[in-house]
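Inspection log for the structure reproduced underneath, given as structure tokens.
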Amino acid sequence: LKIEGPSRAFYDRKRSENHIHTQALLALARRHVDVLWALLRDNRTWQPQQPTVAAA
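In this text, residue positions in the sequence shown follow my numbering: the first is 18, and each later residue adds one.
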């Protein structure tokens with residue numbers, strides 16, 4: 018995965034749990050399928066989360 022973001026963080030977390038590349042990638046794909054299924058089930062559209070800015 019070349020782009021940073023939630024998917025990369027999930028993949029990196031799976032890799033740190035000693036999953037090989039293929040296992041981590043399949044876990045990420047499963048997570049995406051679960052989200053898509055929930056959107057279809059609830060008849061909703063994708064609403065990406067807005068980035069939050071931490072107060073200084």
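Ideal Cβ placement from N, Cα and C applies to all residues, glycine included.
- Shown here for Ala-44: same chain residues with a beta carbon closer than 6 Å to its own, the five before and five after excluded, namely Lys-31 in chain order.
- Following the DSSP letters along the chain, one finds Thr-69 in no alpha helix (DSSP H), marked with neither H nor E.
- In the DSSP annotation of this structure, the continuous segment of the alpha helix (DSSP H) that includes Asp-29 starts and ends at 23 to 33.
- Linking Glu-34 to Gly-22 through their CA atoms gives a straight-line distance of about 19 Å.
- In the three-state reduction of the DSSP assignment, Trp-63 falls in the coil class, being assigned neither a helical nor a strand state.
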